[in-house]
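**Q** In full-length UniProt numbering, the protein residues as written are 1 to 464.
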Amino acid sequence: MFATAAIMLSITSFYMLRHSLLATEDHELQERAEDVQLLLTQLGPEASPMLLRQKFAEIYKVKDDGKYLQVLDQEGAWIFRSKRMIESGLYPGPPAGLPHQGSVTQFHQGTRYVRALAYPIAANGRAYSVQTGLAMNKSMVLLSAFLTELLWLTPAVIVLAAAGGHFMARKALAPVAAIAVETRRINDRNLNIRLPISATSDEISQLSETLNQMLERVESGVRSIRDFTANAAHELRTPLALIRTEVEVALSMPRRGDEFREACEQVQLETVRMTTLIDSLLMLARVDAGTEALRFETLEGCEVLRRLAEKWKNAVRSAGLELEVELLTQPAFVVADHSSLQRLLTALLDNAIRYTPVGGSVVLRIARANGRVMFSVQDTGIGIAPEHQARIFDRFYRVDNIGGASRGSGLGLSLAQGIAQQHDALLCVESAAGRGSCFHFSLPEYLKPAATHERALTLAGVRS
């Protein structure tokens, strides 16, 4: 790019100098023609052609030997012709045939490079053709010298600029090279390393900050994967160990039928627990990969909560809790995947039952706000301390201080958050230790005619 600009500048400079020199020469030729016009006017209309020839010969031969000058009157008679102009063989033509601005001619005469101007003039009511010229050898020498300098100076400037640009680029990119070297040292075993950030707030420091932020996210992701793998292995190992122990004990000694049945029931219980855990892991994997096939349809929110409460009322009662359902007076339609929405609400309800002491209550609630339908599950349980609320949606994360509450797999809330995100929603929690918890999310309300209410209930799996 710079080389092209340098070449274009050199070419432009050469032609600008050439144009300036030619303009100067043309102006001098114009002045010579005007001098001839002034002389003819001063000699007056009464001067005969013979007198004109005599005066021109006297003036111009004394002045500069005439050099390049010839004057022709309107009848085609010569008033004056210098020796050099006769040798050139040029003929200006009659005045009437010349353009108003004159005509320029260039020619060589021996070692001379001549530029000549044929120009029409008028003096004392008569027309004349004046052709005058001058040697341009000095201008040509100047142009040639300038061109020679350009031919060696331009490549030299390009080479020097390229070398300087290369040096400056290497110096400017040295911090980037250092960042690249430092980054290559980082692998999955030392993700805690961070790049140094310079004190100057320039693009390099911004790049370092951006890479450090990316490293933090990568480190967090790798740590999550490692924790997830370790926790999953631990959660699967516990039921497998129990199953193995029950089977080994059952096989080690003769047992009565009721004892053998009790061992089989324990094996079945642990198998169900392990199956549930594996199903949750597979569901989370599909949610992360975005391969979960969702079938979005129009659902009526109140009916979804009503059916969920009907399904869980016995379980809530068995846990010694009271289940309340707060519905809207008018239908509230949303667009969602029915199975996923049921799974999300089930995870929240199961969590509320698990962490609410006997005698407490659980509330399923639906409300409208700002064009959205809000679903919430509120309990009077043990609550969540502020320091734990930021991590309760992490996989396998469980609060240690949970009193007598039964421990779950630690995947329910993580799965619920993933399903909410699939529906472009955000699952939030409001809680305080000892004051219960409220989990809620909202979906855009789908406004539709009341006449289609029956069809929406059918899509949700409800028959009238």
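Idealized CB from N, CA, C, for every residue including glycine. Quick caveat: nothing in here was measured; it's all calculated off a predicted structure.
Alpha carbon to alpha carbon, how far is Glu58 from Leu21? Give it in angstroms, no decimals.
**A** Here residue 21 refers to the residue found at position 21 of the sequence shown. Here residue 58 refers to the residue found at position 58 of the sequence shown. For Leu21 and Glu58, the distance between alpha carbons rounds to 31 Å.
**Q** Compute the Euclidean distance between the alpha carbons of Gln101 and Thr132, then round it to the nearest angstrom.
**A** Position 101 of the sequence shown holds residue 101. Position 132 of the sequence shown holds residue 132. The alpha-carbon atoms of Gln101 and Thr132 are separated by roughly 14 Å.
**Q** In three-state DSSP terms, what is Gly383?
**A** Start at 1 with the first residue of the sequence shown, and residue 383 comes out as number 383. Of the three classes helix, strand and coil, the one that applies to Gly383 here is coil, per DSSP.
**Q** In its own chain, which residues sit with a C-beta less than 8 Å from the C-beta of Glu324, not counting the 5 before and 5 after it?
**A** What you label residue 324 is simply residue 324 of the sequence shown in a count that begins at 1. Result list for Glu324: Ser361, Val362, Val363, Leu364, in chain order.
**Q** What span of residues does the alpha helix (DSSP H) with Ser13 cover, start to end?
**A** Position 13 of the sequence shown holds residue 13. Element bounds for Ser13: 2-43.
**Q** How many angstroms separate the CA atom of Gln70 from the CA atom of Ser139?
**A** Sequence index remark: in the sequence shown, residue 70 carries index 70 (1-based). Sequence index remark: in the sequence shown, residue 139 carries index 139 (1-based). Those two C-alpha atoms are separated by around 23 Å.
**Q** Could you tell me whether the Cβ atoms of Ala385 and Ala352 are closer together than 9 Å?
**A** Within the sequence shown, the letter at position 385 stands for residue 385. Within the sequence shown, the letter at position 352 stands for residue 352. Not closer than 9 Å, so no.
**Q** Kindly say whether Phe56, judged by its beta-carbon, lies nearer than 9 Å to any beta-carbon of chain C.
**A** Among the protein chains of the structure shown there is no chain C, as only one such chain exists.
**Q** On the DSSP bridge assignment, give the partners of Tyr113 in chain order.
**A** Stepping through the sequence shown from its first residue, residue 113 is reached at position 113. Bridge partners of Tyr113: His108.
**Q** Using a 10 Å radius around the Cβ and a threshold of 16 neighbouring Cβ atoms, would you call Phe107 buried or exposed?
**A** Mapped onto the sequence shown, residue 107 falls at position 107. Label assigned to Phe107: exposed.
**Q** Quickly, what does DSSP pair Asp337 with across the bridge? List them, please.
**A** To locate residue 337, count along the sequence shown from 1; it is residue 337. Bridge partners of Asp337: Phe296.
**Q** Would you report the Cα separation of Gly257 and Ile243, rounded to the nearest angstrom?
**A** As a working mapping, residue 257 is identified with position 257 in the sequence shown. As a working mapping, residue 243 is identified with position 243 in the sequence shown. Each residue's Cα considered, the two are about 18 Å apart.
**Q** Leaving out five residues before and five after Val462 in sequence, what residues of the same chain have Cβ atoms less than 8 Å from its Cβ?
**A** Locating residue 462 in the sequence shown gives position 462, where the first residue counts as 1. For Val462, the predicted model reports a pLDDT of 41, less than 50, meaning its position is unreliable and no value from the coordinates is stated.
**Q** Which one of Gln42, Ser82, Leu51 has the shortest CA to CA distance from Tyr60?
**A** Taking the first residue of the sequence shown as position 1, residue 60 is located at position 60. When only C-alpha atoms are compared, the closest one is Ser82.
**Q** Here's the rule I'm using: 16 or more other beta-carbon atoms within 10 Å means buried, otherwise exposed. How should Ala460 be labelled?
**A** Translated into the one-based positions of the sequence shown, residue 460 becomes position 460. Bear in mind that a pLDDT of 43 at Ala460, under 50, signals an unreliable position, so the model cannot answer this.
**Q** Going by C-alpha to C-alpha distance, which of Leu17, His423, Phe396 sits closest to Ile225?
**A** Position 225 of the sequence shown, counted from the first residue, corresponds to residue 225. Checked all of Leu17, His423, Phe396; the closest Cα to Ile225 is Phe396.
**Q** By how many angstroms is the C-alpha of Met136 removed from the C-alpha of Thr24?
**A** For the purposes of this step, residue 24 is identified with residue 24 of the sequence shown, where counting begins at 1. For the purposes of this step, residue 136 is identified with residue 136 of the sequence shown, where counting begins at 1. C-alpha separation (whole angstroms): 11 Å.
**Q** Taking the alpha-carbon positions, what's the Arg53 to Tyr128 distance?
**A** In the sequence shown, residue 53 corresponds to position 53, counting from 1. In the sequence shown, residue 128 corresponds to position 128, counting from 1. Those two C-alpha atoms are separated by around 13 Å.
**Q** Return helix, strand or coil for Ile186, following the three-state DSSP convention.
**A** Position 186 of the sequence shown, counted from the first residue, corresponds to residue 186. Coil.
**Q** In whole angstroms, what separates the C-alpha of Asp65 from that of Ala156?
**A** Residue 65 sits at position 65 when you count from the first residue of the sequence shown. Residue 156 sits at position 156 when you count from the first residue of the sequence shown. Low per-residue confidence applies at Asp65: pLDDT is 49, beneath 50, and the placement is therefore not dependable, though the value from the model is reported in the following sentence. Taking the straight line from one Cα to the other gives about 47 Å.
**Q** Are the region 6-16 and the region 146-162 touching by the rule of at least three beta carbon pairs closer than 8 Å?
**A** Touching, yes.
**Q** Indicate whether Phe439 and Gln342 have their beta-carbon atoms separated by less than 9 Å.
**A** Taking the first residue of the sequence shown as position 1, residue 439 is located at position 439. Taking the first residue of the sequence shown as position 1, residue 342 is located at position 342. Result no, Cβ atoms of Phe439 and Gln342 do not sit closer than 9 Å.
**Q** Spell out the partners DSSP gives Glu322 in its beta bridges.
**A** Position 322 of the sequence shown, counted from the start, is the residue given in the question as residue 322. Bridge partners of Glu322: Ser361.
**Q** By the three-class DSSP mapping on this structure, what secondary structure does Leu282 have?
**A** Sequence index remark: in the sequence shown, residue 282 carries index 282 (1-based). Leu282: helix per DSSP, three-state reduction.
**Q** Within the chosen definition, does the region 263-270 reach the region 327-334 through at least 3 CB pairs nearer than 8 Å?
**A** Segments in contact, no.
**Q** What residue from Thr245, Ile179, Pro357 has the CA that sits closest to Gly381's CA?
**A** Here residue 381 refers to the residue found at position 381 of the sequence shown. Cα-wise, what sits closest to Gly381 is Pro357.
**Q** I need the straight-line Cα distance from Asn187 to Leu413, nearest angstrom please.
**A** Translated into positions along the sequence shown, residue 187 becomes position 187. Translated into positions along the sequence shown, residue 413 becomes position 413. One C-alpha to the other measures close to 32 Å.
**Q** Taking the C-alpha atoms as reference points, what is the distance between Val218 and Leu443?
**A** Translated into the one-based positions of the sequence shown, residue 218 becomes position 218. Translated into the one-based positions of the sequence shown, residue 443 becomes position 443. Going from the Cα of Val218 to the Cα of Leu443 covers about 31 Å.
**Q** Which partner residues of Gly133 appear in the DSSP bridge assignment?
**A** Translated into positions along the sequence shown, residue 133 becomes position 133. According to DSSP, Gly133 bridges with Tyr68, Ala116.
**Q** Scan the region 136-164 and note each continuous beta strand (DSSP E) run of 3 residues or more that stays entirely inside, going in chain order.
**A** Runs found: none.
**Q** What does the Cβ neighbour count give for His19, buried or exposed, with the cut at 16 atoms within 10 Å?
**A** Along the sequence shown, read from residue 1 onward, the residue named residue 19 stands at position 19. Result: exposed.
**Q** Output the distance between the C-alpha atoms of Gly404 and Asp279, rounded to the nearest integer angstrom.
**A** One-based indexing of the sequence shown puts residue 404 at position 404. One-based indexing of the sequence shown puts residue 279 at position 279. With a pLDDT of 49 at Gly404, under the threshold of 50, the predicted position of this residue should be treated as unreliable, though the coordinate-derived value follows. In a straight line, the C-alpha of Gly404 is about 26 Å away from that of Asp279.
**Q** Which word fits Asp424, buried or exposed, when buried means at least 16 other C-beta atoms lie within 10 angstroms of its C-beta?
**A** As a first step, residue 424 is located in the sequence shown; it is residue number 424 there, counting from the start. Asp424 should be labelled exposed.
**Q** Of the residues Thr210, Glu203, Ser201, Asp202, which one's Cα is nearest the Cα of Arg194?
**A** Counting from one through the sequence shown, the residue named residue 194 turns up at place 194. When each option's Cα is compared against that of Arg194, the closest is Thr210.
**Q** Between the alpha carbons of Pro99 and Gly110, how many angstroms are there, rounded?
**A** Taking the sequence shown and counting its residues from 1, one reaches residue 99 at position 99. Taking the sequence shown and counting its residues from 1, one reaches residue 110 at position 110. So the two alpha carbons sit approximately 29 Å from each other.
**Q** Name the one or two DSSP bridge partners that Pro444 has.
**A** Counting from 1 along the sequence shown, the entry for residue 444 is found at position 444. Partner(s): Arg372.
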